[in-house]
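Chains as they are written, first to last, in this note's numbering: chain L, 37 to 418; chain X, 3 to 63.
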Amino acid sequence: MKTIQYAGLALVAFVASVIFLLRLPPAGAAATVQVQTIPPLTQVFPGQEPVLIRLQALDSQGQPLTNARLQVRLVTPAKTPWLSTDFPIVEGTTLLELKSTAPEGSLEFSQVLPIRGTYRLEVAVAPGNGGTFQPFEQSLTLSLAEAPLKFRNLGILLVVLLLVGFAGGWVIGGEQTLQPGEIAPQPVRLLLSGVIVVAIGVLLYVNITAEFNHGHAGHGHHSHEVVAAKARQTAQGITAELTGETHAIVGQLATQGIQLTEATTGKPATEALVQVRAIDLEHQEPVFAYEASPDTTGRLTWKQQFYDGAPHQLTVRVVPLPEANRQFAPLQVSHEIEVEAVEPPLLTRLISLGYFTIVLVTGLVLGLLGRRRSRPKWVQPG
Amino acid sequence: MVSSSSLWQRTRQFTLSLPVQLGLFTGLGMLILWTMYFSTYPPAHNTLHQVRHTTLGVACH
Numbered sequence: 037m038k039t040i041q042y043a044g045l046a047l048v049a050f051v052a053s054v055i056f057l058l059r060l061p062p063a064g065a066a067a068t069v070q071v072q073t074i075p076p077l078t079q080v081f082p083g084q085e086p087v088l089i090r091l092q093a094l095d096s097q098g099q100p101l102t103n104a105r106l107q108v109r110l111v112t113p114a115k116t117p118w119l120s121t122d123f124p125i126v127e128g129t130t131l132l133e134l135k136s137t138a139p140e141g142s143l144e145f146s147q148v149l150p151i152r153g154t155y156r157l158e159v160a161v162a163p164g165n166g167g168t169f170q171p172f173e174q175s176l177t178l179s180l181a182e183a184p185l186k187f188r189n190l191g192i193l194l195v196v197l198l199l200v201g202f203a204g205g206w207v208i209g210g211e212q213t214l215q216p217g218e219i220a221p222q223p224v225r226l227l228l229s230g231v232i233v234v235a236i237g238v239l240l241y242v243n244i245t246a247e248f249n250h251g252h253a254g255h256g257h258h259s260h261e262v263v264a265a266k267a268r269q270t271a272q273g274i275t276a277e278l279t280g281e282t283h284a285i286v287g288q289l290a291t292q293g294i295q296l297t298e299a300t301t302g303k304p305a306t307e308a309l310v311q312v313r314a315i316d317l318e319h320q321e322p323v324f325a326y327e328a329s330p331d332t333t334g335r336l337t338w339k340q341q342f343y344d345g346a347p348h349q350l351t352v353r354v355v356p357l358p359e360a361n362r363q364f365a366p367l368q369v370s371h372e373i374e375v376e377a378v379e380p381p382l383l384t385r386l387i388s389l390g391y392f393t394i395v396l397v398t399g400l401v402l403g404l405l406g407r408r409r410s411r412p413k414w415v416q417p418g
Numbered sequence: 003m004v005s006s007s008s009l010w011q012r013t014r015q016f017t018l019s020l021p022v023q024l025g026l027f028t029g030l031g032m033l034i035l036w037t038m039y040f041s042t043y044p045p046a047h048n049t050l051h052q053v054r055h056t057t058l059g060v061a062c063h
C-alpha cells in the first residue's frame, strides 16, 4: 500500500516538474520585439491605404517591457533594376525613422507601403526612465506582394504588342511590287514611308528635348537650400511649434519635429500626446500617421520620406494626457511640404522598353513568317 | 555618273526593301511606347500617369 502511495507521490511530483519546466522560457530566450500589421500584409497591395504597424517589446518571459525607448527605422525593399517598381527612386532607401519613449514598450504608426518587396524594420530598444533591462536590437521583415492589377495590365499590353507586331509583319511580308488594281500606287506608299520617317524625327526631337530640359530643371531644384518653416500656435498657456523641412525630395528623408512649451514660463511641456498625420494633397489620401509623447525637453522629432512627388500637408494635433496635471483644449499646427519628384533612371526605363520591343518584334517576325507561308505556290503552266 | 532615274529607282527599292520597312515599323513602335510609358515630357507623363503606375515594369515617380 505504501509503495502505491510513494509511486503516486512520485508521479504527481514528476507531472508538477514537467508543468513547471514547460512554463519556464526556453534556454537562451531573450527579449524580443513583436510586430503586428493591421490589416494583415496578405490583404494589402503597394500604394493603397496606410498599414498600421504595431511594435511590442517583450522581455524574456514574454511580458511587455516597461519604461523603454524605441527607435525604429523602416527600410524599403532592395533595388530591382530588371523589373522595376513604379517608384524606382524609393527602392533601397529609408522610409521612416522614429524615436519615442514607450512606457508600455509599444510603438505604432501607420504608413503607406509604396512598392512591392520585403521591407526591413530595424528596431532598437533601450531602457528609459526607470527601465532596468539590457538594450537590444532586432531586425524584422515585412513582405508585400505586387498588385494583381499590374500583372493584368502588363498582360494586356503584351498581347496588344504581339497583335500589332503580327499585323505589321503580315502587311510588310505581303507582295511589295505594284499590282494592277491596288488602291495605293507606289509613290503613295513611298510618301507614307516618308511620313513615318518624319514622325520618327519629330518624336525623337520631342523626347530628347524633354529629357534635356527636365534634367536641367532638376539640377536647379537640387541646388536650392532646404527651407525650414514653422507653424506655431498658442492656446491656454501651451505653445506648439511645428518645425521641419517644407521642401523634400523623393528618395530622401525629411526631418520633422514639434516643440511644446509652457507659454508663460517657457519650460517644456511634456504631459501631452502628439498626433501626426500626413496627407498627399494631389490624391487627398493619408500616407502617414503616428502618435507619441514628447521627450523631457518637450520635443518630438522624426524623419520621413515622401515617396510621391506631390505636395503634402503635415498636420500635428496636440492633446493633453488624461492623467496630466495641466489640461488644455487640443491644439493643431500644420504646414505644407513641397515634394520634388525625381525621374526614374534612364537605364531602368530603357530595360523595360527593351522587353516591350522584344515582344513587338516577336509578333512582327511571326506575322512575316505567317504571311510568307500563306502565299500561294507558283504553279508551272502545263 | 548616276542618272536621276537610276537614283530614283535605287531609292525606291531601298525604301521598300524588307529590312527598311521592318526597321521603320519597329522604330515607330518603340517611340510610341517610349512616349506613352517612359517619356518625361509633361503632357505625355501627366496624361498616362495612372496607366504607368498600374502597369508592371513601368517606372514612374
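Just so you know, even glycine gets a beta-carbon here, dropped at the ideal spot from N, CA and C.
In the DSSP output, which residue or residues are listed as bridge partners for residue i?
i      : result
A328/L : V310/L
K339/L : E133/L, T291/L
Q349/L : I315/L, E372/L
A284/L : V375/L
S146/L : L88/L, A325/L
E173/L : A160/L
P268/L : Residue identity check: residue 268/L is Arg in the sequence provided, not Pro. DSSP, once it has assigned bridges, lists E277/L as partnering R268/L.
A181/L : DSSP output for A181/L lists no bridge partner at all.
L367/L : V354/L
A93/L  : V69/L
I244/L : Its beta-bridge partners do not exist; DSSP assigns none.
I74/L  : L88/L
L296/L : A276/L
P100/L : L94/L
P117/L : Answer is none; P117/L lacks a bridge partner.
Between residue i and chain L, is the shortest Cβ-Cβ distance under 8 Å, so that the two count as touching?
i     : result
F16/X : no
R54/X : yes
S41/X : yes
T49/X : no
L58/X : yes
A61/X : yes
Could you name the residues of the same chain whose beta carbon sits closer than 7 Å to that of residue i, not counting the 5 residues immediately before and after it, in chain order?
i      : result
E127/L : T112, P113, A114, K115, T116, T121, I151
N103/L : P139, P163, G164, N165, G166, G167
G399/L : L197, L198, L199, V200, G201, F202, G205
L325/L : A small correction: the amino acid at residue 325/L is Ala; Leu does not occupy that position in the sequence shown. P86, F145, S146, V312, R313.
H371/L : A265, A267, L278, T282, L350
In the DSSP assignment, find the unbroken beta strand (DSSP E) run with residue i in it and report its ends.
i      : result
P163/L : 153–163
L104/L : Here residue 104/L turns out to be Ala, not Leu, going by the sequence shown. Here the beta strand (DSSP E) through A104/L covers 104–111.
T398/L : Careful: T398/L lies outside any beta strand (DSSP E), inside the alpha helix (DSSP H) at 382–410.
Who are the near neighbours of residue i in its chain, counting only those whose CB is closer than 8 Å to its CB and skipping five residues on each side?
i      : result
A67/L  : A93, L94, D95, S96, L101, V161, F169, Q170, F172
G153/L : T112, P113, A114, T116, T121, E127, S179, L180
V378/L : I125, G254, I285, V286, G287, G345
Tell me where the alpha helix (DSSP H) around residue i begins and ends.
i      : result
Q276/L : Checking the sequence, you will find Ala at residue 276/L rather than Gln. Note, A276/L: premise wrong, no alpha helix (DSSP H); beta strand (DSSP E) at 274–281.
T49/X  : 44–49
I34/X  : 20–35
F16/X  : 6–17
Please confirm if residue i has its CB atom under 8 Å from at least one CB of chain X.
i      : result
A181/L : no
Y391/L : yes
D122/L : yes
N103/L : no
G164/L : no
R385/L : yes
K186/L : yes
S410/L : no
I74/L  : no
G345/L : yes
P150/L : no
H258/L : A caution first: H258/L carries a pLDDT of 40, below 50, which makes its placement in the model too unreliable to give a value.
I285/L : no
R407/L : no
G64/L  : In this predicted model, G64/L has a pLDDT of only 44, less than 50, meaning its place in the structure is not dependable enough to derive any value.
H255/L : For H255/L, the pLDDT reaches just 38, beneath the cut-off of 50, and the residue's location in the model is therefore unreliable, although a value from the coordinates is still provided. No, H255/L lies away from the interface with chain X (no Cβ there is under 8 Å from its Cβ).
L199/L : no
V161/L : no
W206/L : no
V397/L : yes
I379/L : Here the sequence assigns Glu to residue 379/L, which means Ile is not the residue at that position. Yes - at least one Cβ of chain X is within 8 Å of the one on E379/L.
E507/L : This structure gives no information on residue 507/L, because the portion of chain L shown stretches from 37 to 418.
S146/L : no
I232/L : yes
V242/L : yes
Just to confirm my understanding: we take residue i, look at its own chain, exclude 5 residues before and 5 after, and list those with CB closer than 6 Å. What are they?
i      : result
Q341/L : L131, L289
G69/L  : The sequence shown places Val at residue 69/L, not Gly. Contacts found: L91, A93, V159, Q174.
F209/L : What sits at residue 209/L in the sequence shown is Gly, not Phe. Within the same chain, G209/L has close Cβ partners L404, R407, R408.
Legend entry - Proximal residues, the region 16–34 of chain X versus chain L, C-beta separation under 9 Å: T17, L18, S19, L20, V22, Q23, L24, L26, F27, T28, G29, L30, G31, M32, L33, I34
Legend entry - chain X contacts made by the region 302–334 of chain L, where a contact means CB separation under 7 Å: none
Legend entry - Against chain X: residues of the region 67–100 of chain L by CB proximity under 9 Å: G83
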